[in-house]
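These notes concern the structure reproduced below.
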Amino acid sequence: IHISTDKYATPVEIAMLYNTSYNENIHSYVNNINTIEGGTHLAGFRRGLTRTLKKYAEENKLLEKLEKNKIEIDGNDFREGLTAVISIKVAEPQFEGQTKTKLGNNEVMGSVDMAVSEALGNYLEEHPKEARTIVEKVILAATARHAARKARDLVQRKSPLSGAGLPGKLADCAEKDPAKCELFLVEGDSAGGTAKQGRDRATQAILPLRGKILNVEKAMPHKVFESEEIRNIYTALGVTIGTEEDSKALNLSKLRYHKVIIMTDADVDGSHIATLILTFFFRHMKDLIENGYVYIATPPLYLCRKGKIEEYCWDEKQRLAFVEKYGKGSEGGIHIQRYKGLGEMNAQQLKQTTMDPENRTLRQVTIENAAEADHIFSMLMGDDVAPRRDFIEKNATYARIDA
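Going by the numbering used here, the sequence shown wraps up at 423, each residue one higher than the last.
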């Protein structure tokens, strides 16, 4: 849907598209300046969108199912799965906010509201099939939000500080200062057992995860909070949902660890599981990443031996360098152990290579470009196969194949 008009005092141009995801993705600009914090133009867009869609749905008696189940519709429901770009021109923009990227001109709100109401209203009347599809998505969002609230309440009730206790599989650390504490999210019970033996019990906690966690990119919101593994992560971390300012925001006030370390096998399956966990953090605990609390462990791929000489290698290049140095390019007399999983290392080896702060290498997870990160997660973990196939074909030459 494309809107372009200057009949309401402020030139407004908007491009918007509904998709099958569950995320709102709106970017706003004033005089080509990216208003990261939003402002009155974004508020006007949201108000016009909500009022117009709700009016259309009510006039066409499309909300009877929600009314029957006593589910109230929410402004957020109208924006679930919406991607939009808002661009306006203002002669004398007034910027507010911490980074001066929030528009404060009050007159803009009404202009954008009216522009959206008129253009969207016309579109809905002219395209009844598409209009019904959009409203059905809104109804689904409201129904899922209602179910998700119940599931979120369950997550909150299971907070360790509410007396419900920590997850049974969690091996907690003795230290209580979050700045000194680390939580390892470990793939599988076998590796979890080895990690528990190799950890520093004073500062390192271990939470084994059973297999591949839920792909939250494809899951309905209430399914996310019904997942036992995800509920265990919330409970172990001590975080809840809802702050005084925002009922949906992540509450980090009781966070129990300032290092959350994803530790999976160094093979393709391990990378997939790490990506599933990162997708969950990006979609539901982005504040953890933005505060610098999320890390990825780097276990070695090989253990190379030549006589009494022993070295760990983290990639093929290091392995070849060992062979060149100690075997003059020949693997004769060199024993190379390929680690297929964390469980193949004993506790001492896992500690020495991957867990000990003195020797390990951690990769901190950061978000340099939120829009690009959003696109990558949607492409890799979403329902649309074609973009994922293109990405794989373009990057296949860089892949490390476990063959």
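Glycine included, every Cβ here is placed at the ideal spot set by N, Cα and C.
Computed from a prediction, not measured in an experiment: that's the story for all the values here.
Contacts around residue i, its chain only, beta-carbon distance under 6 Å, and the 5 residues preceding and following it disregarded
i	result
G361	D285
N52	none
G124	Q114 and E116
L382	Y315
G64	M129, V132 and D133
I282	L205, A294, I297 and I316
M36	I21 and A104
D26	none
R99	E44
G402	E237
I421	In this prediction, I421 has a pLDDT of 49, which is less than 50 and means its spatial position is unreliable; what the coordinates show is noted afterwards. Once the five neighbours on either side are set aside, I421 has no close Cβ partner at all.
T263	A269 and N271
L83	A77
N252	P187
For residue j and residue i, the rounded distance between their alpha carbons
i	j	result
T40	V110	33 Å
K178	K122	Low confidence applies here, because K178 scores a pLDDT of 49, under 50, leaving its location unreliable and the question unanswered by this model.
M399	K268	25 Å
S182	G258	The pLDDT assigned to S182 is 44, lower than 50, so where the model puts this residue is not dependable; a value taken from the coordinates is nonetheless given after this. Cα to Cα, the separation comes out at about 10 Å.
I23	T55	19 Å
T318	L370	10 Å
V244	K149	30 Å
L298	L321	21 Å
H278	T260	16 Å
G352	E330	15 Å
K120	P31	22 Å
Q384	I154	39 Å
T60	R71	16 Å
G208	D287	14 Å
K189	D376	22 Å
P241	Y42	8 Å
I250	R169	15 Å
H248	D410	Reading off the sequence shown, one finds Glu at residue 248, where the question assumed His. Looking at the two C-alpha atoms, the distance is approximately 34 Å.
Q224	L203	6 Å
K328	W334	20 Å
H47	K81	32 Å
F302	N89	32 Å
E265	S273	13 Å
L86	L73	15 Å
Distance between beta carbons of residue j and residue i, contact taken as under 8 Å
i	j	result
V50	I93	At roughly 30 Å, the Cβ-Cβ gap does not stay under 8 Å, so V50 and I93 are not in contact.
L340	Y332	With 8 Å as the limit, L340 and Y332 do not qualify as a contact, their Cβ atoms being about 14 Å apart.
K326	I354	5 Å
G300	I387	Note that residue 300 corresponds to Phe in the displayed sequence, not to Gly. Contact flag wrong, Cβ pair sits at about 15 Å.
A29	E146	No, A29 and E146 are not in contact; Cβ-Cβ is about 26 Å, not under 8 Å.
D106	L62	Going by the sequence as given, residue 106 is Ile instead of Asp. Contact holds; Cβ gap of about 7 Å.
A151	L144	4 Å
Cβ neighbours of residue i in the same chain (closer than 7 Å, five flanking residues each side left out)
i	result
A222	C193, A194 and E195
P180	For P180, the predicted model reports a pLDDT of 44, less than 50, meaning its position is unreliable and no value from the coordinates is stated.
D394	N45
R276	P198, C201, L257 and G258
H304	V236 and V244
Y38	G101, L102, I154 and K157
G290	E207 and T284
Proximal residues to residue i (C-beta, below 8 Å), its chain only, five neighbours per side dropped
i	result
N379	Q372 and T373
Q118	E57
S350	V343
Y313	L275, Y277, H278, K279 and V280
G347	K326, G353 and I354
Residue i at chain D interface by Cβ criterion, 8 Å
i	result
T103	Protein chain content of the structure displayed is limited to a single chain, and chain D is not contained in it.
(request) Please go through the segment 192–234 and give each complete beta strand (DSSP E) segment of 3 or more residues, from N-terminal end onward. (result) Within the segment 192–234, the complete beta strand (DSSP E) runs of at least 3 residues are 202–207 and 224–229.
(request) Return the chain-ordered ranges of every alpha helix (DSSP H) run that is complete within the segment 295–357 and spans a minimum of 4 residues. (result) Correct list: 306–310 and 336–347.
(request) Could you tell me whether the segment 352–368 touches the segment 202–222, using the rule of 3 or more Cβ pairs below 8 Å? (result) Yes: the two stretches touch, three or more of their Cβ pairs being nearer than 8 Å.
(message) Is it the case that the segment 154–166 contacts the segment 130–139, given that we only count it when at least three CB pairs across the two stretches are under 8 Å?
(response) Taking a contact to require three or more Cβ pairs closer than 8 Å, the segment 130–139 and the segment 154–166 do not qualify as touching.
(message) Under 8 Å, with one C-beta from each stretch per pair, do the segment 227–236 and the segment 198–218 reach the 3-pair mark?
(response) Segments in contact, yes.
(message) Runs of 4 residues minimum, wholly inside the segment 38–87: which ones carry the alpha helix (DSSP H) assignment?
(response) Correct list: 60–79.
(message) Extract the residue ranges of the alpha helix (DSSP H) inside the segment 135–164, only unbroken runs of 4 or more that lie entirely within it.
(response) Here no run is fully enclosed.
(request) Pick out the complete beta strand (DSSP E) segments inside the segment 231–301, 3 residues or longer, and give them in chain order. (result) You should have 279–283.
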